[in-house]
Amino acid sequence: MTASFQHPIHTTQAVELPGNHHILETTRGNYKRESQFAQLPPEVLLLIIDHLDRAEKVSLLVTCSYLRRLSEPLLYRNLDPDGNWKSRQRIQLFRTLGERHDLLPHIRSFRGHLIPTSIARPSQPTQEIDLWHWDSRATALLQDEWFAISAPLFLQAINIRYLDFTDNIDWQEGGRWERFSRVVSGMKLQSLALSSTSQAPLDFTPILRGQPELARLELTCPTAHFDGLQEADAPKLKVFKGTWRQAEMIVPGRPVGRLDLGCVSEDDCQCNKEAIFQKLLQSSDTIREFKAGAHRRTDGNPLKRMLQLIIQHLPELVDLTMIAGGEIRAQDLLDEIPKLSMIRSLMILDAWIIFTNSPFGLFSGGSNHMKINTWEELLGRLKELCPSLNDVGYTQQEEFFMCGM
Numbered sequence: 044m045t046a047s048f049q050h051p052i053h054t055t056q057a058v059e060l061p062g063n064h065h066i067l068e069t070t071r072g073n074y075k076r077e078s079q080f081a082q083l084p085p086e087v088l089l090l091i092i093d094h095l096d097r098a099e100k101v102s103l104l105v106t107c108s109y110l111r112r113l114s115e116p117l118l119y120r121n122l123d124p125d126g127n128w129k130s131r132q133r134i135q136l137f138r139t140l141g142e143r144h145d146l147l148p149h150i151r152s153f154r155g156h157l158i159p160t161s162i163a164r165p166s167q168p169t170q171e172i173d174l175w176h177w178d179s180r181a182t183a184l185l186q187d188e189w190f191a192i193s194a195p196l197f198l199q200a201i202n203i204r205y206l207d208f209t210d211n212i213d214w215q216e217g218g219r220w221e222r223f224s225r226v227v228s229g230m231k232l233q234s235l236a237l238s239s240t241s242q243a244p245l246d247f248t249p250i251l252r253g254q255p256e257l258a259r260l261e262l263t264c265p266t267a268h269f270d271g272l273q274e275a276d277a278p279k280l281k282v283f284k285g286t287w288r289q290a291e292m293i294v295p296g297r298p299v300g301r302l303d304l305g306c307v308s309e310d311d312c313q314c315n316k317e318a319i320f321q322k323l324l325q326s327s328d329t330i331r332e333f334k335a336g337a338h339r340r341t342d343g344n345p346l347k348r349m350l351q352l353i354i355q356h357l358p359e360l361v362d363l364t365m366i367a368g369g370e371i372r373a374q375d376l377l378d379e380i381p382k383l384s385m386i387r388s389l390m391i392l393d394a395w396i397i398f399t400n401s402p403f404g405l406f407s408g409g410s411n412h413m414k415i416n417t418w419e420e421l422l423g424r425l426k427e428l429c430p431s432l433n434d435v436g437y438t439q440q441e442e443f444f445m446c447g448m
């Protein structure tokens with residue numbers, strides 16, 4: 044392993060969140076300001092530099108030492124090394140942070156890969172490789188090598204407020220979850236997002252107990268659980284994404300106003316369970332934004348049932364997104380959506396709408412029944428019945444099969 048990847052010294056000592064005033068203090072001194080741009084007041088320069096994109100900030104680094112001192116902390120303030128970054132860019136980021144520990148306290152947000160798995164091992168030259176041709180064990184070993192390097196860096200990046208690890212990996216493997224828990228426990232987060240392929244339970248309760256300012260929690264992690272969670276844990280949570288069972292545990296007693304929920308599988312389908320909707324009612328705030336999908340089943344109309352439960356228990360919604368994954372009757376929408384008197388935005392995604400002229404468009408007997416044969420007609424009628432509705436979207440399911448078709 045090269046010297047570029049030496050682990051930083053672990054610390055839990057609280058430091059002041061570096062702001063522009065801190066950057067100005069570090070640039071006081073005898074710097075040559077040869078360009079007219081560099082001669083602007085430093086406070087003005089910081090405002091300008093802060094609005095530049097990443098590539099522009101990088102270009103500014105090489106102009107002169109004075110502008111480098113001003114722009115470098117801002118370059119690392121918000122990091123997003125996601126899939127849009129090339130592998131060599133992601134690895135260069137970790138190399139720089141491994142060498143420049145002074146930059147770690149400047150990081151306020153990180154969204155991207157903790158483990159740059161699409162490149163060679165740490166001790167090898169940076170090169171593009173195709174992990175799809177690797178077996179799972181070889182991939183896991185490569186991930187472990189990088190995790191041992193990147194995770195300790197975050198122990199010093201304690202001023203991160205927005206943390207989103209986009210790696211879809213097994214967090215339970217090789218003690219990764221314990222390391223992740225130590226990393227997060229040193230931060231005071233406002234937003235946390237995590238994806239995981241782990242089949243083993245992941246206990247989030249100790250993490251949430253140390254996050255009094257957490258307002259957003261987004262989990263693509265079906266095995267995450269919150270056993271023993273108290274109302275005093277994460278008391279300011281406003282946005283949650285996860286499974287219905289997770290929402291049942293974390294929403295009560297917290298000011299959650301936006302939800303994005305899904306089932307783990309059809310065998311464990313919870314989207315039509317009234318008991319869970321009753322738990323959602325225990326939010327200390329009004330739920331106004333809701334996104335969810337219903338599994339397509341052969342027993343009845345699950346999407347209609349879910350819509351009825353939404354209207355019954357969440358009548359003050361202003362933003363509703365439903366992922367159908369199958370058919371829904373136009374007449375059902377006309378019957379139910381107008382009951383949401385405050386609705387402003389409605390999105391129906393991955394749906395096959397059954398219109399009146401369809402062989403499956405049977406009369407439902409609804410009070411708003413009329414012949415609806417196209418999406419344009421449905422849209423017009425919905426807006427007539429819902430005066431507050433001003434934003435409606437629809438994406439059609441790509442393939443739709445019916446028995447005998």
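Take the sequence shown: its letters are residues 44 to 448, numbered as in our numbering.
Ideal placement from N, C-alpha and C gives every residue a C-beta, glycine not left out.
Considering only residues of the same chain and omitting the five flanking positions on each side of residue i, which have a CB-CB separation below 6 Å?
{"i": "T263", "result": "S238"}
{"i": "M390", "result": "T364, G436"}
{"i": "V227", "result": "I250"}
{"i": "S234", "result": "Y205, R259"}
{"i": "W175", "result": "Residue confidence is low: W175 scores 47 on pLDDT, short of 50, so the model does not pin down where it sits. No coordinate-derived value is stated."}
{"i": "L272", "result": "T248"}
For a quick check, are the C-beta atoms of residue i and residue j less than 9 Å apart?
{"i": "A243", "j": "T266", "result": "yes"}
{"i": "D303", "j": "K284", "result": "yes"}
{"i": "A394", "j": "G369", "result": "yes"}
{"i": "D246", "j": "D270", "result": "yes"}
{"i": "V146", "j": "Y119", "result": "Val is not the amino acid found at residue 146; the sequence shown has Leu there. Yes."}
{"i": "L377", "j": "L422", "result": "no"}
{"i": "G217", "j": "A183", "result": "yes"}
{"i": "E274", "j": "R301", "result": "no"}
{"i": "Q254", "j": "P295", "result": "no"}
{"i": "G229", "j": "L280", "result": "no"}
Return helix, strand or coil for residue i, following the three-state DSSP convention.
{"i": "W395", "result": "strand"}
{"i": "G436", "result": "strand"}
{"i": "A194", "result": "helix"}
{"i": "L428", "result": "helix"}
{"i": "G217", "result": "helix"}
{"i": "M349", "result": "helix"}
{"i": "V101", "result": "helix"}
{"i": "L206", "result": "strand"}
Rounded to whole angstroms, what's the CA-CA distance from residue i to residue j? Just pull it up for me.
{"i": "L257", "j": "I353", "result": "26 Å"}
{"i": "G141", "j": "L157", "result": "14 Å"}
{"i": "R204", "j": "K231", "result": "6 Å"}
{"i": "P430", "j": "Q351", "result": "20 Å"}
{"i": "N416", "j": "F398", "result": "5 Å"}
{"i": "E221", "j": "Q215", "result": "8 Å"}
{"i": "R219", "j": "R154", "result": "18 Å"}
{"i": "P402", "j": "L360", "result": "Note that P402 scores a pLDDT of 44, beneath 50, so its modelled location is shaky and nothing firm can be said."}
{"i": "I330", "j": "N211", "result": "29 Å"}
{"i": "T438", "j": "W418", "result": "11 Å"}
{"i": "A451", "j": "L185", "result": "As shown, the chain starts at 44 and ends at 448. That puts residue 451 outside it, with no answer to give."}
{"i": "R143", "j": "Q135", "result": "12 Å"}
{"i": "N127", "j": "T209", "result": "12 Å"}
Could you name the residues of the same chain whose beta carbon sits closer than 7 Å to that of residue i, not counting the 5 residues immediately before and after it, in chain order?
{"i": "R252", "result": "D276"}
{"i": "N485", "result": "Absent from the model: residue 485. The displayed extent of the chain is 44 to 448, so no value can be given."}
{"i": "K382", "result": "I354"}
Looking only at its own chain, which residues have a Cβ that is under 8 Å from the Cβ of residue i, when we skip the five neighbours before and after it?
{"i": "Q132", "result": "P124"}
{"i": "G408", "result": "With a pLDDT of only 43 at G408, under 50, the local geometry of the prediction cannot be trusted, and no value is derived from it."}
{"i": "L428", "result": "L377, I380, P381, N411"}
{"i": "T139", "result": "L146"}
{"i": "R111", "result": "L103, L104, V105"}
List in chain order: all unbroken alpha helix (DSSP H) runs of 4+ residues lying wholly within the stretch 237-273. 248-252
Complete runs of the alpha helix (DSSP H) confined to the stretch 355-385 [at least 4 residues]: 373-379
Continuous beta strand (DSSP E) assignments of at least 3 residues falling wholly in the stretch 293-340: 301-305, 332-336
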